[in-house]
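Undergrad:
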Amino acid sequence: MLTKVSTTKAPAAIGPYSQGMIANGFLFASGQIPIVPESGEIAQGDIHVQAQQVMKNVSEILKEAGTDFEHVVKTTCFLADMADFAAFNSVYEKYFTGKPARSCVAVKTLPKDVLCEVEVIAVV
Numbered sequence: 009m010l011t012k013v014s015t016t017k018a019p020a021a022i023g024p025y026s027q028g029m030i031a032n033g034f035l036f037a038s039g040q041i042p043i044v045p046e047s048g049e050i051a052q053g054d055i056h057v058q059a060q061q062v063m064k065n066v067s068e069i070l071k072e073a074g075t076d077f078e079h080v081v082k083t084t085c086f087l088a089d090m091a092d093f094a095a096f097n098s099v100y101e102k103y104f105t106g107k108p109a110r111s112c113v114a115v116k117t118l119p120k121d122v123l124c125e126v127e128v129i130a131v132v
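Read in order, the letters of the sequence shown correspond to residues 9 to 132 in my numbering.
1) Could you check whether the region 25 to 44 touches the region 70 to 86, counting it as contact only if at least three pairs of C-beta atoms, one from each stretch, sit closer than 8 Å?
2) When burial is assigned at 16 or more other CB atoms within 10 Å of the CB, is residue 19 buried or exposed?
3) Enumerate in chain order the residues of its own chain whose CB-to-CB distance from residue 106 is below 6 Å, with the five nearest sequence positions on each side excluded.
4) Between the beta-carbon of residue 58 and the beta-carbon of residue 42, is there less than 8 Å?
5) Using DSSP's beta-bridge definition, name the partner residues of residue 12.
6) When the Cα atoms are used, what is the spatial distance from residue 93 to residue 12?
7) How is the alpha helix (DSSP H) around residue 93 delimited, first residue to last?
8) Give the list of continuous beta strand (DSSP E) stretches no shorter than 3 residues that lie fully inside the region 19 to 72.
9) Distance, Cα to Cα, residue 22 vs residue 101?
10) State the beta-bridge partners of residue 87 as determined by DSSP.
Written out as structure tokens, the structure reads:
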């Protein structure tokens with residue numbers, strides 16, 4: 009059985025996908041970018057500001073699915089510039105205190121030209 013996860017407290021999907029799906033006791037959340045859900049605008053600022061908004065969005069999806077950061081088992085992080093790695097980590101480590109498995113890569117371009125994106129897999 010698959011359960012779609014949807015909340016207005018995180019940005020709506022900007023394409024043909026859902027915010028997340030629960031399957032076999034796991035949440036598979038779509039990547040979150042720093043869109044402020046109330047305005048639909050990108051959080052303006054440096055990597056710290058954008059990463060903070062991404063974590064807020066991830067938090068709301070986790071909450072809607074009935075789980076939290078402590079139950080995240082894997083993250084995939086995308087950065088527009090690997091030079092932001094240390095600054096991104098300074099925000100990331102405040103949320104993912106359980107130190108889940110992770111991949112972090114720099115990519116050529118992210119949607120809406122944001123600086124970072126994070127997707128998670130969590131136990132529900």
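Each residue gets a CB set at the ideal place from its N, CA and C atoms; glycine is no exception.
TA: In short, the structure shows the following:
1) The answer is yes - the region 70 to 86 touches the region 25 to 44, with three or more Cβ pairs under 8 Å.
2) Buried, since its Cβ has 16 or more Cβ neighbours within 10 Å.
3) Excluding residues within five positions, the ones whose Cβ falls inside 6 Å are 78.
4) Their beta carbons are under 8 Å apart, which means residue 58 touches residue 42 by this criterion.
5) DSSP lists 29 as the beta-bridge partner residues of residue 12.
6) Rounded to whole angstroms, residue 93 to residue 12 spans 32 Å at the Cα level.
7) For residue 93, the enclosing alpha helix (DSSP H) stretches over residues 93 to 103.
8) Fully enclosed beta strand (DSSP E) runs of 3 or longer: 28 to 31 and 34 to 37.
9) Looking at the two C-alpha atoms, the distance is approximately 27 Å.
10) According to DSSP, residue 87 bridges with 114 and 124.
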